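Colleague: Before I ask anything, here is the structure I am working with.
Numbering (the numbering used here), first residue to last: 72 to 731.
Here it is, written out as structure tokens:
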């Protein structure tokens with residue numbers, strides 16, 4: 072018997088009724104969707120039922136006195152403001168609760184006549200609409216109640232309230248490196264675990280078309296994940312996902328892998344059929360140890376290899392290829408030509424990271440406090456420079472330069488970079504960490520970082536006025552975000568000026584960092600990849616008028632950030648004169664302060680561009696080399712600049728391109 076209120080019963084018995092069908096869908100995450108077949112929206116018990124149209128029950132409701140499962144189907148048009156195809160494909164409505172009832176749309180206060188209450192069953196998608204099966208409450212009678220006596224554990228999910236395993240140590244964030252089957256199989260290239268580590272586990276996509284979708288893993292072998300069921304959308308290279316280690320529900324795995332025997336929900340010593348049929352001749356001397364179940368591994372599909380296209384004039388293998396390429400697509404498209412390449416992996420490889428760029432005496436190379444964090448290693452099959460930040464220690468400055476005899480109006484650096492997927496620079500206090508000018512472009516006068524020139528003439532850290540500037544280091548500034556594990560890049564242009572609103576703004580402090588120039592746009596830092604090699608291309612162009620210089624940063628052919636309207640010292644005049652006819656030499660014993668630097672020149676002899684005519688012809692500063700300036704924070708011993716655990720990144724195949 073279906074019960075309803077007396078008021079609605081009277082209305083149902085009348086000759087004319089004003090009834091509307093209402094459906095309320097409650098997803099497992101608590102989100103409610105409500106619709107009505109009426110022509111206007113209805114507010115019932117604080118829930119707004121939308122009159123969207125395109126929605127109707129697909130069959131009459133049937134109820135019997137037996138315990139058989141009763142069902143009903145509904146049809147509806149997909150709507151971006153309601154139930155979307157994307158949400159259905161992602162399984163967000165699987166097992167959602169559904170109420171179907173009639174109501175007097177003219178007087179909803181009369182109550183409702185409940186037609187069906189149950190859960191959402193099978194969903195069929197076709198074009199712009201879907202059909203959903205509603206399973207009645209009697210569906211619950213088909214559920215097995217109680218537990219079976221069996222050797223294996225019967226918890227529903229690893230880490231649930233009955234299992235109580237802490238999943239944090241067994242959860243890993245990875246990046247897709249290849250896709251054998253777009254909706255079933257995908258692989259990652261770094262931090263590969265032994266086969267079957269993630270079999271029976273789960274993956275949840277953090278980026279890409281499947282963002283938010285969680286899938287069960289059928290098997291894992293050789294870094295390849297095979298999902299139990301097809302994913303709703305194609306997986307793409309570069310998608311990130313979170314993988315949780317699997318459990319085969321055996322006592323041995325519970326004991327040796329998860330150390331969770333106290334919560335094991337099986338009966339590992341229960342005798343089976345083999346024990347019942349055992350005889351004195353078939354019984355082993357000692358019981359055989361339990362072996363975990365190993366799922367079959369699906370091989371990737373065989374795809375015919377198409378004929379190779381004609382080789383381009385200059386090959387461009389993927390970033391981090393084991394073959395050192397001379398290609399830099401962005402820099403070459405700008406008309407720059409290769410002028411230098413590192414020697415790592417060659418017969419004349421430098422013997423020490425102190426001579427990474429070359430063995431020419433005089434290149435500025437130093438390690439603060441003797442902390443050499445740079446080493447040569449073979450990683451991922453290629454010769455790399457490794458930078459390691461030790462745990463609970465400052466990331467002291469490690470500085471290397473490569474001086475180029477030729478001066479360039481435009482210069483570019485291309486290098487392949489890899490941050491492992493588990494790269495973690497969270498500081499001891501649990502917060503973010505920062506690094507300065509990891510690598511970049513040198514611009515300055517002809518003596519800037521020139522081999523054999525004393526540091527006092529080749530470099531000056533404190534810059535007060537434009538005429539006192541010897542050169543600039545324009546490099547990568549990075550941040551590590553503890554909350555997300557992201558690495559972000561932007562420009563750290565050291566000792567430069569910029570044009571803001573048509574006015575030359577030269578410096579707001581002695582170092583003249585871009586973000587300290589009043590009014591200059593502070594570009595947001597951009598997230599860069601982890602867990603795979605990426606190609607970083609840095610490009611710089613010297614200014615011609617104190618304000619049209621530029622710095623650009625590209626990752627895998629995409630420009631991620633730019634610093635325009637720069638004064639890099641290219642304007643014609645007395646720019647970059649360190650000691651000569653334009654300033655008197657400092658009297659003996661004069662302290663080198665910000666004030667005296669503006670009044671006097673310090674150094675030993677003239678620079679080669681002190682002649683006014685020669686300087687006017689050359690037009691001031693040019694790019695003269697590249698540098699590696701690897702450090703954390705401000706080279707401090709403070710805890711907020713010390714990583715809580717050791718982390719390292721890798722660079723491969725440094726190459727420089729220039730245009731005179």
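For every residue, glycine included, the Cβ atom is placed at its ideal position computed from N, Cα and C. Predicted, not measured: the structure shown is a model, and the values here were computed from it.
Tell whether a beta-carbon distance below 8 Å holds between residue 722 and residue 486.
Modeller: yes
Colleague: Exposed or buried, which one is residue 218 when buried takes at least 16 other CB atoms within 10 Å?
Modeller: Around the beta-carbon of residue 218, fewer than 16 other beta-carbon atoms lie within 10 Å, marking it exposed.
Colleague: Closer than 8 Å is the cut-off here; do at least three beta carbon pairs connect the segment 435-453 with the segment 561-571?
Modeller: no
Colleague: Would you call residue 291 buried or exposed, if buried means 16 or more other Cβ atoms sit within 10 Å of its Cβ?
Modeller: buried
Colleague: Between residue 420 and the rest of its own chain, which residues show a CB-CB distance below 7 Å, the 5 nearest in sequence each way excluded?
Modeller: 414
Colleague: Going by DSSP, what residue range makes up the alpha helix (DSSP H) through residue 80?
Modeller: 77-83
Colleague: Since residue 221 is in the beta strand (DSSP E), which residue starts that stretch and which ends it?
Modeller: Note, residue 221: premise wrong, no beta strand (DSSP E); not H, not E.
Colleague: Cutting at 8 Å between CB atoms, please list the residues of its own chain near residue 412, excluding the five before and the five after it.
Modeller: 395, 397, 724, 725, 726, 727
Colleague: Over the uninterrupted beta strand (DSSP E) stretch that includes residue 712, give me the two end residues.
Modeller: Neither: residue 712 is in no beta strand (DSSP E) and is coded neither H nor E.
Colleague: With residue 235 as the anchor, note down where its alpha helix (DSSP H) starts and where it stops.
Modeller: Per DSSP, residue 235 lies in no alpha helix (DSSP H) segment and is marked neither H nor E.
Colleague: With C-beta atoms as the reference, is residue 259 less than 8 Å away from residue 514?
Modeller: no
Colleague: I need the DSSP call for residue 459, collapsed to helix, strand or coil.
Modeller: strand
Colleague: Could you check whether residue 575 and residue 638 sit closer than 8 Å to each other, using their CB atoms as the reference points?
Modeller: Contact: yes.
Colleague: Measure the alpha-carbon distance for residue 640 versus residue 619 and round it to whole angstroms.
Modeller: 11 Å
Colleague: Determine the burial state of residue 477: buried for a count of at least 16 other Cβ atoms within 10 Å of its Cβ, exposed for fewer.
Modeller: exposed
Colleague: Whole beta strand (DSSP E) runs in the segment 451-496 with 3 or more residues, listed along the chain?
Modeller: Counting only runs of 3 or more, we get 453-460, 469-479, 481-489.
Colleague: Taking C-alpha atoms, which residue in 699, 80, 730 lies nearest to residue 425?
Modeller: 699
Colleague: For residue 623, which residues does DSSP report across the bridge?
Modeller: 610, 633
Colleague: Terminal residues of the continuous beta strand (DSSP E) containing residue 173?
Modeller: 168-175
Colleague: Count the other C-beta atoms from every protein chain shown that fall within 10 angstroms of the C-beta of residue 220, then say buried if there are 16 or more, exposed otherwise.
Modeller: exposed
Colleague: Throw me the rounded Cβ distance for the residue 301 and residue 254 pair, which I believe falls under 8 Å.
Modeller: 4 Å
Colleague: Am I right that residue 719 and residue 458 are in contact with their C-beta atoms under 8 Å? What's the rounded C-beta distance?
Modeller: 6 Å
Colleague: Distance, Cα to Cα, residue 521 vs residue 474?
Modeller: 6 Å
Colleague: Thinking C-beta only, is residue 334 closer than 8 Å to residue 235?
Modeller: yes
Colleague: Select from 306, 231, 109 the residue whose C-alpha is nearest the C-alpha of residue 247.
Modeller: 306
Colleague: Could you give the uninterrupted runs of the beta strand (DSSP E) lying entirely in the segment 392-420, keeping only those of 3 residues or more?
Modeller: 408-412
Colleague: Are the CB atoms of residue 296 and residue 274 within a distance shorter than 8 Å?
Modeller: yes
Colleague: Is DSSP giving residue 157 helix, strand or coil here?
Modeller: Annotated three-state conformation of residue 157 is helix, per DSSP.
Colleague: Reducing DSSP to helix, strand and coil, say where residue 516 ends up.
Modeller: coil
Colleague: Reducing DSSP to helix, strand and coil, say where residue 325 ends up.
Modeller: helix
Colleague: Is the beta carbon of residue 714 closer than 8 Å to that of residue 479?
Modeller: No, they are not a contact pair.
Colleague: Which of the three DSSP states, helix, strand or coil, is assigned to residue 339?
Modeller: coil
Colleague: Taking all protein chains shown into account, do 16 or more other C-beta atoms lie within 10 angstroms of the C-beta of residue 507, making it buried, or fewer, making it exposed?
Modeller: buried
Colleague: Is residue 177 buried or exposed, if buried means 16 or more other CB atoms sit within 10 Å of its CB?
Modeller: Its Cβ having fewer than 16 others within 10 Å, residue 177 is exposed.
Colleague: Based on Cα-Cα distance, which residue from 201, 114, 243, 161 lies nearest to residue 183?
Modeller: Answer by Cα proximity: 114.
Colleague: Who are residue 720's beta bridge partners in DSSP?
Modeller: 458
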